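Below you'll find the structure, written out as structure tokens, and then a few comments.
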Amino acid sequence: MRYRKDLEKMPSYDGSERDYRIKINANECNLRLPPLVEERVMARLSRVALNRYPNYEYESLREQIAQNLSVDADQILIGNGSSEIIEKIFNAFGGSNDNKIVYPQPSFSMYKIYAKAAEAKAIEYELEENYKMKVEKYIKTVKREKANLAVICNPNNPTGNKISLEEIEEIAKEVKKIECALLIDEAYIEFGGETAVELIKRYENVIVARTFSKAYGLAGARVGYMIANREVTKMIEKTYMPYHMNKLSLVTAEIVYQMREEYEPRIEMMIEERKRMSEELKKEKGIKVYESETNFVLIRYEKAEELKKYLEELNIGVRSFGKTARLEKCIRLTMGTPAENEEWLRAIKKYVKEK
Ligand SMILES: *Cc1c(COP(=O)(O)O)cnc(C)c1O
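For what it's worth, the numbering used here labels the leading residue of the sequence shown as 1405, then goes sequentially.
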């Protein structure tokens, strides 16, 4: 049949999922909602009027996020996960091969797909040794390309490292000179690094994207949001359909947001676990452990693919990257519960010892 041009060539995200006994392959939270939160969510869901289009629920969540971040409600947009937020931002700045979007490599694999889907020209900035970003070089790339949009993932997935707020500000300031928007994807910000939200007041080109999927364990509800200046949100809002968010997810996210203090102990726990696991993994011969400020750790190991298979046989699911450039022989391990972490760590240690 006559599909749109180049659809067949569109890269696809491998979302095939298996239900592992220990699932540490997608940076999800391995705990369900805190009991008190779950109870409130369930009670609230039973009262939702599903016969009506969502309206009030969107505004209500928006206002609460705005209040907490000391911005106005019209500076916030809510999406079906930050995935949709990023997709819409790419759509707003793409649309033609002359419109360029710069993003780091290796980083979140979806940037490439969204750039293609937005029919924008994707420009990949190669991260340096140990996946560090050289700010001057990044700025140079953006300016040389006269990019419409520049993206930073902070802390970066799947490498785990962060870049400082001063460096982000430097980028914001420089790329603003060519009227380039700067998107900072803060999917892991609750685990480390400094947020760029305060830059929005001073730089009209800055956009921050956040999600409920990682630290708040709400990946199944699909809720994310972005913060920017009013002029920016107004334009990006044009790319959304009316009523794009469903009420069930909106009210769930609102309760989670109101009760976010309930999440502090578990976020602390995941940070502690990340530090502990990093130290433990460093003791293993042949394993290189990358610095991380997230809820996961990236390692490099000569026999990564074999190790992944070995873990799979134990029903432990991890993420490897096949032949993806710069991520060969790498495995990403999401922090689970301490008991789960103990178990996969023991399995890795056993494998390394026997090789
Ligand atoms: C997980 C992730 C997202 C998107 O998560 P959503 O579930 O769509 O909110 C965005 N960016 C990065 C870097 C991620 O790792």
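Ideal Cβ positions, reconstructed from N, Cα and C, are used throughout, including at glycine.
Since this is a predicted model, take the numbers as computed values, not measurements.
| query | result |
| --- | --- |
| Phe1700 by DSSP, collapsed to three states: which one? | strand |
| CB Tyr1629 to CB Ile1489, shorter than 8 Å? | yes |
| Is Ile1671 a contact residue of ligand 2, with contact defined as CB to any heavy atom under 7 Å? | As far as ligands go, the structure on display features ligand 1 and does not contain ligand 2. |
| Compute the Euclidean distance between the alpha carbons of Lys1707 and Ala1729, then round it to the nearest angstrom. | 17 Å |
| Considering only C-alpha positions, which residue in the set Glu1717, Ile1480, Lys1712, Val1722 is nearest to Phe1700? | Val1722 |
| Check whether the Cβ atoms of Glu1650 and Pro1458 lie closer than 8 Å to each other. | The residue you asked about is not Glu; residue 1650 is Asn in the sequence shown. Their beta carbons are under 8 Å apart, which means Asn1650 touches Pro1458 by this criterion. |
| When you compare only the Cα positions, how much space is there between Glu1491 and Tyr1518? | 6 Å |
| Take Leu1440 as the anchor and find which of Arg1448, Lys1544, Asn1434 has the nearest alpha-carbon. | Arg1448 |
| Can you check which of these residues, Pro1415, Arg1408, Asp1423, is closest to Ile1720 by C-alpha distance? | Asp1423 |
| Using the Cα positions of Phe1494 and Val1555, report the straight-line distance between them to the nearest angstrom. | 10 Å |
| Please report how far the alpha carbon of Glu1443 lies from the alpha carbon of Asn1560, in whole angstroms. | 34 Å |
| Do you know offhand how far Asn1503's Cα is from Glu1583's? | 13 Å |
| Compare the Cα-Cα distances from Tyr1755 to each of Lys1713, Ser1513, Tyr1407, Gly1624 and report the closest residue. | Lys1713 |
| For Val1506, write down the residues that DSSP places opposite it in a beta bridge. | Ile1527, Ala1554 |
| Output needed for Ala1576: all residues of its chain with C-beta closer than 6 Å, excluding positions within five of it in sequence on either side, in chain order. | Leu1586, Leu1603, Tyr1607, Val1610 |
| Does the Cβ of Cys1584 lie closer than 7 Å to at least one heavy atom of ligand 1? | no |
| Report the option in Gly1596, Lys1581, Tyr1542, Val1539 whose CA atom is closest to the CA atom of Gly1564. | Gly1596 |
| To the nearest angstrom, how far is the alpha carbon of Lys1621 from that of Val1445? | Per the sequence presented here, residue 1621 reads as Gly, with Lys not at that position. Going by the C-alpha atoms only, they are around 13 Å apart. |
| Considering only their Cβ atoms, is the gap separating Asn1558 from Ile1588 smaller than 8 Å? | yes |
| Across which residues does DSSP place Glu1649 in a beta bridge pair? | For clarity, residue 1649 is Met in the given sequence; the question names Glu instead. Looking at the DSSP assignment, Met1649 forms no beta bridge with any residue, so it has no partner. |
| Along the chain, where does the beta strand (DSSP E) containing Ala1613 start, and where does it finish? | 1610-1615 |
| Assuming Gly1498 contacts Glu1467 under a Cβ cut-off of 8 Å, what Cβ separation, rounded to an integer in Å, is found between them? | Rounded, the Cβ-Cβ distance is 30 Å, inconsistent with contact. |
| Going by DSSP, what residues sit across from Thr1738 in a beta bridge? | Phe1700 |
| Using a Cβ-Cβ cut-off of 8 Å, state whether Tyr1661 counts as contacting chain B. | No chain B is present in this structure, which holds just one protein chain. |
| Output yes or no for whether 8 Å exceeds the beta carbon distance between Asn1434 and Gly1740. | yes |
| Skipping 5 residues on each side, what residues in its chain have a beta carbon closer than 6 Å to that of Lys1753? | none |
| Cβ atoms of Ile1659 and Tyr1760: under 8 Å apart, would you say? | No answer is possible for residue 1760: the residues shown for the chain start at 1405 and end at 1759. |
| By DSSP, does Val1546 sit in helix, in strand, or in coil? | helix |
| What would DSSP say about Ser1724, mapped onto helix, strand or coil? | strand |
| Where do the N-terminal and C-terminal ends of the beta strand (DSSP E) with Ala1585 fall, by residue? | 1585-1589 |
| Which two residues bound the contiguous beta strand (DSSP E) that contains Met1630? | 1628-1631 |
| By Cβ distance, which residues of its chain are closer than 6 Å to Phe1512, with the 5 residues on each side in sequence left out? | Cys1557, Asn1561 |
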